[in-house]
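Throughout the sequence shown, residue numbering follows mature numbering (1 follows the signal peptide of the UniProt record, and there is no 0), covering -30 to -1, 1 to 352 in sequence.
All C-beta atoms, glycine included, are put in the ideal place defined by N, C-alpha and C.
Predicted, not measured: the structure shown is a model, and the values here were computed from it.
To start, the structure itself, in structure tokens.
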Amino acid sequence: MNVPRNRAIGATGVLAAAALTLSACGSTPAASTTANDKNASTATSAADLGGMDALVAAAKKEGTLNVIALPRDWANYGAIIDGFSKKYGIKVQDDNPTGSSQDEITAVTSRKGQSNAPDVLDLGSQFALSGTQQGLFAPYKVANFDQIPAAQKDSNADWYNDYGGYISIGCDAKRVKECPKTFADLVKPEYRGQVSLNGDPTKSGAAFGAVYAASMANGGSFVQIQPGLDFFAKLKRLGNYNPAFATPASIVKGQTPITIDWDYLNVAYADTFKNKGVNWQVNVPTDGVYAQYYSQAINANAPHPAAARLWEEYLYSNDGQNLFLKGYARPAMMDAMEVNGSLDPVAAGKLPAVSGSPAFPTEDQLTTAKQTVAQKWAQTIS
């Protein structure tokens, strides 16, 4: 399992690392229409195209879907891509699978009008907000739009959350006598040199989330992330902070026996490493509950507009949402599916326990937090 460590800075949107320069190539795509001459690029629902059958037919005619920054081993995207392609006979082209949200936005703007532009995007929420403000996305309401919580979607359907998770503490129980369950536990002397992040909080979304969660556990808030920085400074002084970035390889080798990461990645490690002599246990700390979700959006100038809309319908079908769940990510429609009985109970039962409902910082709060971490992280661990 090779999970990219800097997928995007914060799924609720902390700005990612500087964009890669992406070249535009290919010819300008032709407008996609259905058999009844409906234009897919302006459709705000399947009904606008004459229903799902018409949308499927138009998407099959296009034959291709361009996605970007979707690692196959991240939130079960490999199975999701394969499932979509098998069901509809549409080729899925995944560009820059280890890229960030900023790379996605750059591709939208730099490849405008080109056949290799991304059709759909999987973004940190602040990128979804900023992209909407720039007019980069096409509003589209999937059939199950009403089942997505109001706080996790744009009212105009320019974007909506698809999956997410909580900051968690993973631990190799074969190397650590008693695994920590809270941030308060992490300062204990027995964890000297063992507590790692999965990257630099100024670049890695999960690492940034760890600082935010540590802040919540130490008297901070969405408005004030400084207590999180103070916590890691304390871990550094005590000798508990391990500066090595946690990766699947470092976990298997025992170099990073305690890792603060998204729960869907930590739980996936537990599954993957069973046969490698690693007893990986996962806890969502009750003293620092912090969740982040990624958001879906359709490129307003998608070269394959029907396939883009069909992809969203697939992701927000019960099958698509359960595939995220099988990747240990919490689907946006999870509560609604639990009520209507369509949620996969086996997959849901593998998620670590969480108390309460997720809360999310505002765009301004995230921007301030990001700036604080960017300015102070190096000094914090120096």
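- Taken atom to atom, the span from the alpha-carbon of A113 to that of P218 is near 38 Å.
- Here the segment 17 to 36 does not lie against the segment 130 to 141, with fewer than 3 beta-carbon pairs under 8 Å apart.
- In the DSSP assignment, T34 falls within the unbroken beta strand (DSSP E) covering 34 to 38.
- Taking S191 as the centre and dropping the five residues before and after it, the same chain places the C-beta of S185 closer than 8 Å to its C-beta, in chain order.
- Judged by DSSP secondary structure, A278 falls within the alpha helix (DSSP H) whose first and last residues are 275 to 285.
- With distances taken between CA atoms, S312 lies nearest to L293 out of S325, L293, Q103, N245.
- Taken in chain order, the complete alpha helix (DSSP H) segments of 4 or more residues contained in the segment 139 to 197 are 175 to 187.
- Comparing alpha carbon positions, the residue from Q349, M307, A276 closest to P119 is M307.
- Fewer than three pairs of CB atoms, one per stretch, sit closer than 8 Å, so the segment 85 to 105 makes no contact with the segment 246 to 260.
- The three-state secondary structure of V252, taken from DSSP, is strand.
- Using a C-beta cut-off of 8 Å, the segment 272 to 292 makes no contact with the segment 170 to 184, since fewer than three inter-stretch Cβ pairs fall below that distance.
- Bridge partners of Q225 according to DSSP: none are assigned.
- When beta bridges are read from the DSSP output, G94 appears opposite Y264.
- Under the rule that a run must span 3 or more residues, the beta strand (DSSP E) segments found entirely inside the segment 54 to 102 read 61 to 65, 90 to 94.
- Taken atom to atom, the span from the alpha-carbon of S55 to that of G319 is near 28 Å.
- In the three-state reduction of the DSSP assignment, D132 falls in the strand class.
- For the set G83, D233, L199, the Cα lying nearest the Cα of C141 is the one of D233.
- Looking at the backbone, the Cα of V146 and that of P227 are separated by about 7 Å.
- Exclusion of the five residues before and after L208 leaves V157, P159, R162 as the residues of its chain whose Cβ lies within less than 8 Å of its Cβ.
- For V316, the closest alpha carbon among the candidates M303, G297, A176 is that of G297.
- With distances taken between CA atoms, N126 lies nearest to A108 out of A27, G69, A108, A339.
- If the five residues before and after D64 are omitted, its C-beta is found closer than 6 Å to the C-beta atoms of V37, L40, all from its own chain and listed in chain order.
- When DSSP states are grouped into helix, strand and coil, Y211 belongs to the strand group.
- Judged by DSSP secondary structure, V324 falls outside any alpha helix (DSSP H); it is assigned neither H nor E.
- With a 10 Å radius around the Cβ and a threshold of 16 neighbouring Cβ atoms, G189 comes out exposed.
- An exposed status is given to A121, since fewer than 16 other beta-carbon atoms sit within 10 Å of its beta-carbon.
- DSSP, reduced to helix, strand and coil, places N292 within a helical segment of the structure shown.
- As DSSP reads the structure, N269 sits in a beta bridge with F107.
- Closest in alpha carbon position to K123, among S287, A277, Y264, A278, is Y264.
- A299 is positioned such that its CB atom lies no closer than 9 Å to that of I230.
- Inter-residue distance for A344 and T350 is about 11 Å (C-alpha atoms, whole angstroms).
- Per DSSP, D334 is one residue of the alpha helix (DSSP H) stretching across 333 to 350.
- Inclusion of P328 and I137 in the CB contact set at 9 Å is not warranted, their separation being larger than that value.
- When DSSP states are grouped into helix, strand and coil, K31 belongs to the helix group.
- A direct Cα-to-Cα measurement between N210 and A203 gives close to 10 Å.
- Only residues of its own chain outside the window of five on either side were considered, and among them M303, A306 have a CB closer than 7 Å to the CB of Q117, listed in chain order.
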